[in-house]
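Remarks on the structure that follows.
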Amino acid sequence: MPTIGVLAIQGDFIEHREMLGAVGAESREVRLPEQLEGLDGLIIPGGESTTIVQLIDIFGMREPLKQCVSNGMAVWGTCAGMIVVARRLLDRRPQPLGLMDIEVSRNAFGRQVDSFETSLEVNGIDGPPVHAVFIRAPVVTKAGEAVRILAEVDGGMPVAVREGKLLATSFHPELTNDTRMHRMFASISSC
1221 MPTIGVLAIQ GDFIEHREML GAVGAESREV RLPEQLEGLD GLIIPGGEST TIVQLIDIFG
1281 MREPLKQCVS NGMAVWGTCA GMIVVARRLL DRRPQPLGLM DIEVSRNAFG RQVDSFETSL
1341 EVNGIDGPPV HAVFIRAPVV TKAGEAVRIL AEVDGGMPVA VREGKLLATS FHPELTNDTR
1401 MHRMFASISS C
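Residue numbers (the numbering used here): 1221 to 1411.
Below you can see the structure in the form of structure tokens.
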């Protein structure tokens, strides 16, 4: 099994570590650039995207993280993490890392009170639909040619996408008991 880091500077990183443990993956918290060494994958969790990006920059992680991705490390951004990994945002802030060829709209479904749960068919996940928790969730508004859309809601709004070893979801798989998305990312990280 791969070693997967979880960016632990803000957001729901503990829940991701629990899910990784449930699928048998080794995990560790990442707060500093040197903690990226030896990782097969990294999860950028939900939280507040502007804060996450500011802390990535304060701790000097932007360039080391981009270098790790260039060297083959897998990355999965969930909710705010999707915003962080995007190449472009419809919003003026934050300045995303530009890892994945997607354009993202923050809070695409509305405010906190508009959060919702639904069942999704996710390409690459066998069995029943994935229970998806959307909390002030973003959505992909444009995807590059190499980006595969794995799941959509509301008549075609992409909420799960993959580009090579990069994965992004608008929803929070770590807030359910379903480990299949984490198992998928562990498999991507092992490649």
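A virtual CB, placed ideally from N, CA and C, is assigned to each residue, including glycine.
Buried or exposed (CB count within 10 angstroms, at least 16 for buried), residue i
i	result
glycine 1330	exposed
leucine 1252	exposed
proline 1348	exposed
aspartate 1260	buried
valine 1250	buried
glutamine 1230	buried
glycine 1297	buried
phenylalanine 1405	buried
alanine 1366	exposed
alanine 1242	exposed
cysteine 1411	exposed
isoleucine 1345	buried
isoleucine 1408	buried
phenylalanine 1354	buried
arginine 1326	buried
DSSP beta-bridge partners of residue i
i	result
methionine 1377	Val1373
phenylalanine 1354	Phe1336
methionine 1401	Methionine 1401 pairs with nothing; no bridge assigned.
alanine 1363	Ile1322
arginine 1368	Arg1382
Boundaries (first-last residue) of the beta strand (DSSP E) holding residue i
i	result
glutamate 1394	Run containing glutamate 1394: none; DSSP gives neither H nor E here.
alanine 1412	In the structure displayed, the chain extends from 1221 to 1411; residue 1412 sits before or after that span and is not available.
isoleucine 1224	1223-1227
Extent of the continuous alpha helix (DSSP H) run through residue i
i	result
alanine 1306	No alpha helix (DSSP H) contains alanine 1306, which is instead part of the beta strand (DSSP E) from 1306-1309.
Contact belief for residue i with residue j at Cβ below 8 Å, rounded distance in angstroms
i	j	result
valine 1350	isoleucine 1369	14 Å between Cβ atoms; not a contact.
alanine 1306	glutamate 1323	7 Å
alanine 1357	phenylalanine 1391	6 Å
valine 1289	leucine 1240	Contact flag wrong, Cβ pair sits at about 19 Å.
Min CB distance residue i to chain D below 9 Å
i	result
alanine 1366	Annotation note: the requested chain D is absent from the structure, which comprises a single protein chain.
**OP:** Give, in chain order, every unbroken run of the alpha helix (DSSP H) that is at least 4 residues long and sits entirely within the segment 1233-1296.
**Re:** 1233-1242, 1269-1278, 1282-1290
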